[in-house]
Amino acid sequence: MTAPAAKPAMLPFARPCISEAAVQAVAAVLRSGWITSGPKVVEFEQAFAAATGAANAIAVNSATTGLDLVFAALDLQPGDEVIVPSINWVSGPNMVELNGGTCVFCEVVPGTLNCDLDHVARLIGPRTRAIMPVHFAGAPVDLDRLRALVAGRPITIVEDCAHAAGAHFRGRPIGGDSEVAVFSFHPTKNLTTAEGGMIACRDGELAARLRVLRFHGIRKDAWKNHSRSGKDLYNVTAPGRKGNLPDTLAVLGIHQLADLERMNAERARLAAIYQRELAGLRLCRPLDQALGDGDVHAWHIFVVLVAPGVERAAVVDGLERRGIGTALHFPPVHSQTFYRQKYPGCSLPASEDVGARLLTIPLFPGMGDEDVARVVAALRQVEAELLP
Ligand SMILES: Cc1ncc(COP(=O)(O)O)c(C=O)c1O
129 MTAPAAKPAM
139 LPFARPCISE
149 AAVQAVAAVL
159 RSGWITSGPK
169 VVEFEQAFAA
179 ATGAANAIAV
189 NSATTGLDLV
199 FAALDLQPGD
209 EVIVPSINWV
219 SGPNMVELNG
229 GTCVFCEVVP
239 GTLNCDLDHV
249 ARLIGPRTRA
259 IMPVHFAGAP
269 VDLDRLRALV
279 AGRPITIVED
289 CAHAAGAHFR
299 GRPIGGDSEV
309 AVFSFHPTKN
319 LTTAEGGMIA
329 CRDGELAARL
339 RVLRFHGIRK
349 DAWKNHSRSG
359 KDLYNVTAPG
369 RKGNLPDTLA
379 VLGIHQLADL
389 ERMNAERARL
399 AAIYQRELAG
409 LRLCRPLDQA
419 LGDGDVHAWH
429 IFVVLVAPGV
439 ERAAVVDGLE
449 RRGIGTALHF
459 PPVHSQTFYR
469 QKYPGCSLPA
479 SEDVGARLLT
489 IPLFPGMGDE
499 DVARVVAALR
509 QVEAELLP
């Protein structure tokens, strides 16, 4: 009797890349006696501001919390509209809703999955309070054009930079000159702190409001007060959130940030192999890069679009049988139950079409060339099965 074929080891779509030095640094914080927000957060914020050129950097415990704090600090009012792409993680739209605003979903350009700025231009109206583009997969949105669209109007551009740590637009780091930009440090992200995020913003007053709202609405740093001398009572100036990042995670962020350029360069190198090897496939095609002069793609994820008429679930199954993990970034938000019920008339044909065809295949800096070759070979085999 022949033994059943061994199941191939699973290659996930993403895996964090954490140095031994970072592990030691986390252990040192754990042993230090001060494990929540403190000097490591300050150091991380300063390093992030220096790396991006941002005037202010505010560490938070997730990008979701960061977006929540931004809409709270902007004092979003009922009826205020926020234009946001529907091909998106639900965080941004959810935070608009929780802060009393109204989502106005825009289309994406099918080739890049970045906001369709022609559609955004048509959606801007008297109630538009903010526009929240996503630098999808790490490819920068055309910020010059977006800024020109809102020039002279009371509209804030809230950049969702969850995919964009290390990306550049026209030679400038994303977040460096943003009105307000929110990064994610979730485990699949280019820079991870396990959970965490960073708000970068230009205006000092907005930054001060965000810092107060980040910690219960208390105006002073509690960690500077831990000697409890009694003379420095805290003072709540607004009902705030609890959004602070602990030092145990901030120290990981300091190490990841120092390694970000190298890790992103490796992502870009692997992505270039995919671009070359997948070019002739009928089963699927990679997203367009669409980079301008001075743009740097962060290559957070590698997304392909399954050819029209091919059943995506069959591709996912075929890859899974060969030990290749995949993910979906993202089904349209407007088709989720809550949003369908709240915005029943919302119809976005381009988003609905690509939302059913997009598929994320493995990309992370610890992958070897042989892993990329394995994914490409698996896609070719699945193509032979599904499109003989
Ligand atoms: C586009 C986008 N925005 C926001 C988030 C939320 O990030 P976090 O998990 O840090 O809250 C994510 C996370 O996947 C994302 O992909």
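For the sequence shown, my numbering gives the first residue as 129, with consecutive numbering after it.
For each residue, glycine too, the CB sits at the ideal point set by N, CA and C.
For D387, the CB contacts under 7 angstroms within the same chain, skipping 5 residues up- and downstream, are S147 in chain order.
G368 and P315 have their C-alpha atoms roughly 26 angstroms apart. A direct Cα-Cα distance of roughly 8 angstroms separates L491 from H428. Within the same chain, Cβ atoms closer than 8 angstroms to the Cβ of I346 are found at V340, Y362, N363, V364, T365, G368, the five residues on either side in sequence being excluded. Residue environment: S312 is assigned as buried (16 or more neighbouring CB atoms within 10 Å of its CB, all protein chains considered). In the displayed model, S312 falls within a strand according to three-state DSSP. Straight-line spacing of the CA atoms in G451 and G437 works out to 24 angstroms. Comparing alpha-carbon positions, the option among A328, R395, F264, T284 lying closest to A182 turns out to be A328. By DSSP's assignment, P460 forms a beta bridge with I215.
The alpha-carbon separation between I382 and E171 amounts to approximately 8 angstroms. Put simply, the backbone Cα of V286 is about 21 angstroms away from that of L373.
In the three-state scheme derived from DSSP, where H, G and I count as helix and E and B as strand, T230 is classed as strand. Considering only M326, H344, Q469, the residue with the shortest C-alpha distance to A185 is M326.
DSSP places D288 in the uninterrupted beta strand (DSSP E) bounded by 284-288.
With distances taken between CA atoms, R342 lies nearest to A201 out of V504, A201, D497, T320. By alpha-carbon distance to Q509, the top candidate from V444, R257, N318, A149 is V444. With respect to N392, A426 sits close: the two C-beta atoms are nearer than 7 angstroms.
At least one heavy atom of ligand 1 lies closer than 6 angstroms to the C-beta of T192. Here I452 carries a strand assignment [DSSP, helix/strand/coil].
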